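Residue numbers for the sequence shown follow our numbering, beginning at -9 and rising by one. Every residue, glycine too, gets a C-beta built ideally from N, C-alpha and C. This one's a predicted model, so the numbers in the text were calculated from it and none came from an experiment. See structure below.
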Amino acid sequence: MATLPLEKLRVVDITNSWSGPFTANLLGSFGAEVIKVESIQYLDTWRGGGVALAVQETRWERSPLWNSVNTDKLGITLDLTRQQGIEIFKKLVEISDIVTENYTNRVMKNFGLDYSVLKEVNPKIIMISLPAHGSTGPWKDYTGYAASIEQMAGIPRLTGYPDGPPRMSGAGFTDAVAGSNGMMAVMFALLHRQMTGKGQYIDLSQIEASTSLIGDAIVDYSMNKRIQPRRGNRHYSMAPHGYYRCKGDDLWIGIAVSSDEEWQQFGKAIGNPQWVREERFSDTAGRLRNQDELDCLVEDWTLQHDHYEVMNVLQKAGVAAGAVLTSAELLSDPHFKERGTFQVIDREIVGTQTYPVPSAPVKLSRAPVTIRRPAPLLGEHNRYVLGELLGISEEEIRSLADDKIIGNTPLGVE
-9 MATLPLEKLR
1 VVDITNSWSG
11 PFTANLLGSF
21 GAEVIKVESI
31 QYLDTWRGGG
41 VALAVQETRW
51 ERSPLWNSVN
61 TDKLGITLDL
71 TRQQGIEIFK
81 KLVEISDIVT
91 ENYTNRVMKN
101 FGLDYSVLKE
111 VNPKIIMISL
121 PAHGSTGPWK
131 DYTGYAASIE
141 QMAGIPRLTG
151 YPDGPPRMSG
161 AGFTDAVAGS
171 NGMMAVMFAL
181 LHRQMTGKGQ
191 YIDLSQIEAS
201 TSLIGDAIVD
211 YSMNKRIQPR
221 RGNRHYSMAP
231 HGYYRCKGDD
241 LWIGIAVSSD
251 EEWQQFGKAI
261 GNPQWVREER
271 FSDTAGRLRN
281 QDELDCLVED
291 WTLQHDHYEV
301 MNVLQKAGVA
311 AGAVLTSAEL
321 LSDPHFKERG
331 TFQVIDREIV
341 GTQTYPVPSA
351 PVKLSRAPVT
361 IRRPAPLLGE
371 HNRYVLGELL
381 GISEEEIRSL
391 ADDKIIGNTP
401 LGVE
């Protein structure tokens, strides 16, 4: 088996929800030994997300959210409100390379585990914090999830419809933006440590990572004092541009025509109907002025075909078009199957013995990346980490369990 690039690194992952866990997930995908630290007193928020209400037994293990972003991790539990838990955490940091956390600025300080403390435990440690608002500034102690981060980054001001309110994306994608930026930042810090022998602290604001996506709107204001309007699915320089209904139940296609040349190709691809040759649609400016009529005519054609057919016809003509795929279609599509986009893993407790999850989106020619382990059960690797890595005796481990400092079941559940 090929050696993975981060194989000799160890990560202590004390993150929650999506952004921080995604950073650690990516590090784990490329070979790092990631140790997810939870507690039986307070579970990761995503352990309860998306679970059917009818499911009661071990529901904390059945969340699609949790299972999708915590692969390639070991899992332990520690009560960090008690001194024994704190000391074990410090021992773990002492033998590790990276610490990831994404709480508000006050949480790690309250635990007595902020960077000023951990660098004394391990001077070479790299610690990344991904709070919603960063670790400095008037908002540093504010709580944030995607629902607020997306808004405060200015994105919904651009994504709603002209006659309606701002709109959320519905996918919480700002977490993934911050998480992937976090992985990149850790790699830079590792390179710096390789050159200098020194660890460091990384302060990554999720809002700032997300605001970087709308740099054009910000520069537009700074240069032109112009606040860009909401355009819905339309574009300031492309037409047609949007989503169009197709033949079938709730089937859609996304189309973007970026030039007059592409418009000519679009017309040929759909059979050159008379309306394509009308003067009002002959150039980009005209198509932008007449988008309401244009969208209706385009949709009259797309409604005659299913979304895959429309995509294939237009793509062969050099026009950007993408079928709007459901989760079921993503999993069955031959393109994604050939690329290994989703990997089937085994975690029987979720209710099915095997199930597909997204694998790392990067393909390395000399170090093929595959998911090596499913998301950990609560406290699944307590004995390995505490016993084998930290040298804690079996008697001490039993005592920690009796005292509820570690465990495998949420407190209050028998």
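Uninterrupted alpha helix (DSSP H) stretches at least 4 residues long and entirely within the stretch 100 to 139 occur at 105 to 111, given in chain order. Beta-bridge partners of residue 235 (DSSP): 242.
Taking 9 Å as the cut-off, the beta carbon of residue 350 is found no closer than this to the beta carbon of residue 58. According to the DSSP assignment, residue 281 belongs to the alpha helix (DSSP H) that extends over 281 to 292.
Cβ atoms of residue 123 and residue 197 come within 8 Å of each other, at about 6 Å. Here residue 293 is near residue 235, since their CB atoms are less than 9 Å apart.
Here residue 344 carries a strand assignment [DSSP, helix/strand/coil]. Runs of the alpha helix (DSSP H) lying entirely within the stretch 22 to 92, each at least 4 residues long, are 54 to 59, 73 to 84 in chain order.
Separation of residue 367 and residue 62 (C-alpha to C-alpha, rounded to the nearest whole angstrom) is 12 Å.
Rounded to whole angstroms, the separation of the alpha carbons of residue 248 and residue 179 is 40 Å. By the neighbour-count definition (other C-beta atoms within 10 Å, threshold 16), residue 372 is a buried residue. When Cβ pairs closer than 8 Å are counted between the two stretches, the stretch 93 to 109 is seen not to touch the stretch 14 to 31, the count staying below three. If the five residues before and after residue 397 are omitted, its C-beta is found closer than 7 Å to the C-beta atoms of 30, 67, 369, 391, all from its own chain and listed in chain order. Under the three-state reduction of DSSP output, residue 197 falls in the helix class. In the structure shown, residue 1 adopts extended strand secondary structure according to DSSP, grouped into three states. Collapsing the DSSP output to three states places residue 191 in a strand. The three-state secondary structure of residue 382, taken from DSSP, is coil. Residue 25 is positioned such that its CB atom lies no closer than 9 Å to that of residue 359. Within the DSSP bridge table, the entry for residue 336 names 344 as partners.
Per DSSP, the continuous alpha helix (DSSP H) segment holding residue 257 begins and ends at 250 to 259. Of all alpha-carbon atoms in 85, -3, 6, the one lying nearest the alpha-carbon of residue 136 is that of 6. A direct Cα-Cα distance of roughly 9 Å separates residue 254 from residue 262.
The DSSP-derived three-state label of residue 402 is coil. Taking C-alpha positions only, residue 101 is separated from residue 333 by approximately 37 Å. In the DSSP assignment, residue 222 falls outside any beta strand (DSSP E) and carries neither an H nor an E.
With the rule of 3 Cβ pairs closer than 8 Å, the stretch 164 to 176 counts as touching the stretch 113 to 129. In this structure the stretch 7 to 17 touches the stretch 162 to 173; the number of beta carbon pairs closer than 8 Å is three or more. Contact between the stretch 224 to 233 and the stretch 273 to 282 is present: three or more C-beta pairs spanning the two stretches fall below 8 Å. Taking 9 Å as the cut-off, the beta carbon of residue 353 is found closer than this to the beta carbon of residue 329. Taking a cut-off of 8 Å for Cβ pairs, the stretch 75 to 92 and the stretch 128 to 146 do not touch, as fewer than three such pairs fall below it. Secondary structure note for residue 311: its beta strand (DSSP E) is the uninterrupted segment 310 to 313.
As the crow flies, the alpha-carbon of residue 237 is around 59 Å from that of residue 76. Rounded to whole angstroms, residue 217 and residue 47 show a C-alpha spacing of 51 Å. Taking every protein chain shown into account, the CB of residue 172 has 16 or more other CB atoms within 10 angstroms, so this residue is buried.
Approximately 19 Å separates the beta-carbon atoms of residue 160 and residue 201; this is outside 8 Å, ruling out the contact.
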